[in-house]
Amino acid sequence: GKLKRSFVRLNFSEPFLDEYYGGVKKSFEFLEADRQNLLPEITKMSDEIFVVKNDSNVVRGVDMTAKELNVLLSKSQKDELSANLAKQTSVVLSGKIAVGYADGYILVTPFCKAVMPKIFKEKARILKLPAINRGYLFANGVQIENLSKFFSK
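Numbering (our numbering) for the sequence shown: 50 to 202.
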């Protein structure tokens with residue numbers, strides 16, 4: 050093992066890098082740029098509240114937030130998510146995660162039904178918070194004004 054690695058480094062890696070260092074460096078820069086383009090934009094508001102930018106990486110972003118909420122999405126759930134987002138509708142996944150659609154951003158929270166007072170409902174509506182997430186936000190006493198920079202535009 051060790052001798053072969055030294056042999057490879059001495060006879061192949063170093064001469065190769067001596068000759069092509071600039072090109073190899075450039076390749077890694079391109080790979081890093083690709084990686085950045087593929088990363089979803091996720092804002093973690095709390096342990097259980099995530100805002101995902103609604104762009105070409107949104108499904109990956111929701112998948113990553115679901116994992117943080119201890120739910121692994123199956124291929125069919127990701128397809129269901131994708132179809133709902135394409136129709137601009139919210140969806141509950143695994144009966145546990147509320148994925149709220151709101152134009153530029155997606156609000157991801159645990160799913161929770163709650164009876165809400167009219168004043169809270171009205172405030173949430175004015176802030177344009179997805180209805181599917183409101184029960185959780187209310188039941189957990191979340192200061193919903195903190196979400197306004199994403200939704201009430």
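Cβ atoms here follow ideal geometry from the backbone N, Cα and C, with glycine treated the same way.
Just the Cα atoms here: how many angstroms apart are residue i and residue j?
| i | j | result |
| --- | --- | --- |
| residue 3 | residue 131 | One cannot answer for residue 3 here, as it falls past the ends of the chain, which runs 50 to 202. |
| residue 182 | residue 144 | 13 Å |
| residue 178 | residue 117 | 21 Å |
| residue 150 | residue 73 | 42 Å |
| residue 19 | residue 85 | A question about residue 19 goes unanswered here, because the residues of the chain that appear run from 50 up to 202. |
Following a CB-centred definition, is residue i positioned closer than 6 Å to any heavy atom of the ligand COA?
| i | result |
| --- | --- |
| residue 139 | What this structure holds is no ligand at all, so the ligand COA is not there to describe. |
Give the range of the alpha helix (DSSP H) segment to which residue i is assigned.
| i | result |
| --- | --- |
| residue 64 | 63-87 |
| residue 113 | 107-117 |
Closer than 7 Å by C-beta to residue i: which residues in its own chain qualify, once you throw out the five before and the five after it? Chain order, please.
| i | result |
| --- | --- |
| residue 140 | 129, 130, 133 and 148 |
Tell me whether residue i is buried or exposed, calling it buried when 16 or more other Cβ atoms sit within 10 Å of its Cβ.
| i | result |
| --- | --- |
| residue 196 | buried |
| residue 80 | exposed |
| residue 112 | buried |
| residue 87 | exposed |
Terminal residues of the continuous beta strand (DSSP E) containing residue i?
| i | result |
| --- | --- |
| residue 122 | Segment: none, residue 122 is in no beta strand (DSSP E) and carries neither H nor E. |
| residue 147 | 146-151 |
| residue 102 | 98-102 |
Confirm, please, whether the CB-CB distance from residue j to residue i is below 7 Å.
| i | j | result |
| --- | --- | --- |
| residue 89 | residue 100 | no |
| residue 93 | residue 108 | no |
| residue 44 | residue 169 | The chain is shown from 50 up to 202; residue 44 falls before or after that span and cannot be answered. |
| residue 155 | residue 106 | no |
| residue 110 | residue 91 | yes |
Take residue i and list the residues in its own chain whose beta-carbon comes closer than 8 Å to its own, dropping the five residues that flank it on each side.
| i | result |
| --- | --- |
| residue 121 | 115 |
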